Every structure is written in C-alpha cells, then in structure tokens.
Amino acid sequence: MKCPDYQKLISDRMDGRLSPVLEEKLEAHLKTCQGCRLYEEELNIIEREIKKLPDAEPEDLAGLEAILRDRLVRSATENRVRRKKSKFIRWAPVWAAGLFMIAAVIYLAFSIKSVEQNQNLDLASLMSFEDSYLTLSQTLSTDEGLREKYNEEILDSIYAEVQGQGLEGLDNQGDYEEQTINNNDDKDLLSENIGLPEGR
Amino acid sequence: MIEKEQELNLVNRARKGEVEAFMTLIRAYQAPIYRLIYRLTGNREDAADLTQETMLKAYGGLKNFRARSSFRTWLHRIAVNETLNHLNKLNREKGKVEYLDAIKPTDPALAAVPSPEESSLEEEFKHGLERALAELPVNYKLAFSLVAFQGLSQAEAAEVLGCSVGTVSWKIHEARRMLREKMRPYLNRAEEV
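Chains D and X are the protein sequences, given in the same order.
Using the working numbering, the letters of the first sequence correspond one by one to residues 2 to 201.
Using the working numbering, the letters of the second sequence correspond one by one to residues 56 to 248.
Right, here's the structure in full:
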C-alpha cells in the first residue's frame, strides 16, 4: 500500500468505517510516515472547523411556509378537478358504448312499433272498405229509389267502359244487368264473388 | 424528528389530500433541505425557490413514495434532483461546456474574502473554508454535504445519489483531499502562528 491508499483509510477512519485489521495497518504506517500524519492532522482541523460553520438559515421560514401552504392548497384543488376530469375521460369509451346501445335500443323499439302500426293501418283500411260495401248494400236494399239510381249509374259506367275498350257482343245495356244489385235477391254480398279474396 | 409510524400516518393522510398533514411532515425538513440546496447553489434566492419546488414535487409524488427508504432520504433525493436540474440549466444558459463543475457561489458571504485587517486568522480560515467548500465540484460537494452537513449515513447518501456506498466513500475522501489542497495556505499560516 502507498500513501494515497493510507489517506483513503484515514478518511474511512474519520467516518468510522475502518475494520480493526486495517486500522492496525494504518497505525503502523502513521508511525513511520510524517506526511500521512500531517495529512490526518490537517483533515481533523478542517473537519473541526466545518462543524463550527454557521448554518445558512432561510431568511423568512414562516413566510416560505405560508407561500408553500397556499401553493399546496391550490395544487390539491387542481388535482381534485383533474382527477374528476381524468376519471370521466377514462370511462369515456364506456359512456359512449352505453349511449350507443341505448340509442340502438330506442331506434329498434320505434322501428318495430312503426311496422306494427303500418300493418294495423292496412288491415283497418281493408276492414273499412268491407264495412263500407256492406253498409252500401244494406242501404240500397232498403231504399228502392236509391237502388235504381245506383244500378243505373253502375250500368252506365260499365257500358261506357266496355264501349271504350271496343268489346264485341255487349251492345245492350241490359246485358250487364246481372252486375247490378237486385233488391229481391236475398244474397250475402260479401260471400259472393265481389272481387275480394274469400274469407277477407 | 418524527417517529416512523407517525411519519407513515402523515404520509397516508397527505396522500388523501390533507395539506396540513403534509405541512407537519415537512416542517422538520424544510430548513435542512434549504441548507443543502444553499450549499450546492450558493444562492439564497435559488435555495428558497428550489426548496419550495422540492416540497411541491414531494406532495405531487407522494403516491410514488413506497416507504422502502425513509421520507427524509426520499425528500433529499427530490431536492438533489431539483438542484442538479437547476444547475444544469444554469450551465446550459451560460454556455458552459463543463458539466456541473466548479459552480462559483453567487452569495457575497461565500464569495468575498475579507482582508487580513478586517478579520482575525480564525475568521479568515472560516471564509477560506466556505469558499473551498463552494468551489468543490458539485458531485463531490453533494456526497460530502449529505454526510457532513445533513447528517445522513453513507448508506443513506448512496440511496439519495443512486450509487454504491463505496462510491460515496470515495467521493467524500476526494472532497477532503481537495479541501485540504484549497486550505493549504490557511493551514500553513495557522501552523506558522
């Protein structure tokens, strides 16, 4: 070991980190080396003086503490707001998915309802046509004047139509009388062939 | 000094946002942290600002404190990082090439050397020592200050600096050797007297 190595041991001894074996070795060296003895002596002087140095104290510790408290309170408030925001942002995809699901369910519910309504409307209009025809038949069967007028109108219109199409063999208006409603016939008009499918 | 159990209790309360619990926690450390930063920067204003920043960082980072080390060690680590970042920034601003070496103190109390007429030999020695300490390279000054001024063990200093105990021990030895070199004129004069 050379002097610089022993100087490291001197430093370790000052910190109380020297093993007894190395301490013995250092002591043996110091007995023979004046330079290292002086080194240790001077380090001890410096160390003693360092301990005497005044501590640099903050000029206004209370003031610093007050400023710090103020900044901490502000920072704590900001953190709370940020945490709330970040919580919302973190759950944003879930919120979006939930809202999408709700919107989809509402849309489907309305679509089904509207289809049902359309179906009901068709049936209602059909039923209304049958009812009207039945009412008309009943009215005509009770009012002879009206019946005659109706038959006349029907015959006229059929005649006009056939004439327009240029069909042969149907020259007389009387050929179409069977299309008219006979008051004396006790027929169920709805069960006859009146242009509607059976059972409707 | 706060007991370990009480310290953990205060940490937990501060984590939940109790500012007063945090203030109690740091009250004992504010002045020592200020002193360490002042030793490293040599500027009272910077020391006050960086102490505040250290405490704010500590408050914000409490969730990361795992209590593996003591709160004191953890706080010192934050203070050291804050100070080194600040010094690094100053160096960059000044366009220095050297990294964190030989920071000259800006505090007149550290920079000025009183004339022999103004002071006794002891005063001169004291001023010389302050200057010598301030002129140590930051990495050596840091290790030396943590142990000699802050009263940390070498193991705690190693934790703060993120290095081995052997490295801390070596840096302290080097700091002592440099101090002795810088103090040689004063030591010679003392011997002459």
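Here a beta-carbon is modelled for each residue, glycine too, at the ideal position from N, C-alpha and C.
Just so you know, these numbers come straight off a predicted model, no measurement behind them.
Between residue i and residue j, how many whole angstroms is the CB-CB distance? I'm expecting something under 8 Å.
i: residue 38 of chain D; j: residue 24 of chain D; result: About 15 Å separates the two Cβ atoms, so there is no contact after all.
i: residue 114 of chain X; j: residue 73 of chain D; result: 6 Å
i: residue 95 of chain X; j: residue 200 of chain X; result: 7 Å
i: residue 231 of chain X; j: residue 44 of chain D; result: 6 Å
i: residue 205 of chain X; j: residue 66 of chain D; result: Not really, about 20 Å apart at Cβ, beyond 8 Å.
i: residue 108 of chain X; j: residue 148 of chain X; result: Going by Cβ atoms, the distance from residue 108 of chain X to residue 148 of chain X rounds to 17 Å, so no, they are not a contact pair.
i: residue 196 of chain X; j: residue 184 of chain X; result: Contact flag wrong, Cβ pair sits at about 13 Å.
i: residue 176 of chain X; j: residue 244 of chain X; result: 7 Å
i: residue 237 of chain X; j: residue 178 of chain X; result: Between residue 178 of chain X and residue 237 of chain X the Cβ distance is about 17 Å, and since that is not below 8 Å, they are no contact.
i: residue 70 of chain D; j: residue 74 of chain X; result: 6 Å
i: residue 72 of chain X; j: residue 81 of chain D; result: 7 Å
May I ask which residues mark the beginning and end of the alpha helix (DSSP H) holding residue i?
i: residue 26 of chain D; result: 21-33
i: residue 251 of chain D; result: As shown, chain D starts at 2 and ends at 201. That puts residue 251 of chain D outside it, with no answer to give.
i: residue 59 of chain X; result: 59-70
i: residue 87 of chain X; result: 74-96
i: residue 184 of chain X; result: 176-189
i: residue 144 of chain D; result: Run containing residue 144 of chain D: none; DSSP gives neither H nor E here.
i: residue 118 of chain X; result: Premise fails: residue 118 of chain X is in no alpha helix (DSSP H) and is neither H nor E.
i: residue 250 of chain X; result: Look at the range of chain X in this structure, 56 to 248, and you will see that residue 250 of chain X is not part of it.
i: residue 18 of chain D; result: Neither: residue 18 of chain D is in no alpha helix (DSSP H) and is coded neither H nor E.
i: residue 207 of chain X; result: Premise fails: residue 207 of chain X is in no alpha helix (DSSP H) and is neither H nor E.
Can you name, in chain order, every residue of its own chain whose Cβ lies under 7 Å from the Cβ of residue i, other than the five neighbours on each side?
i: residue 214 of chain X; result: 124, 128
i: residue 212 of chain X; result: 198, 201, 202, 223
i: residue 111 of chain X; result: none
i: residue 10 of chain D; result: 19, 23, 27
i: residue 90 of chain X; result: 204
i: residue 102 of chain X; result: 89, 92, 93, 96
i: residue 96 of chain D; result: none
i: residue 79 of chain X; result: 65
i: residue 4 of chain D; result: 34, 36, 37
Spell out whether any CB of chain B is found under 7 Å from the CB atom of residue i.
i: residue 103 of chain X; result: No chain B is part of this structure, whose protein chains are labelled D and X.
Leaving aside the five residues before and after residue i along the sequence, list all residues of the same chain whose C-beta is less than 8 Å from its C-beta, in chain order.
i: residue 116 of chain X; result: 133
i: residue 122 of chain X; result: 63, 66
i: residue 31 of chain D; result: 7, 37, 38, 41
i: residue 59 of chain D; result: 65
i: residue 69 of chain X; result: 76, 77, 80, 114, 117
Only counting the same chain, and skipping five residues up and downstream in sequence, which positions put a Cβ closer than 6 Å to that of residue i?
i: residue 151 of chain D; result: 141
i: residue 47 of chain D; result: none
i: residue 210 of chain X; result: 220
i: residue 130 of chain X; result: 84, 113
i: residue 235 of chain X; result: none
i: residue 228 of chain X; result: none
i: residue 131 of chain D; result: none
i: residue 83 of chain D; result: none
i: residue 226 of chain X; result: 195, 198
i: residue 51 of chain D; result: none
- Message: My parser needs the alpha helix (DSSP H) runs of 4 or more residues fully inside the stretch 53-121 of chain D; what are they?
- Response: 62-91
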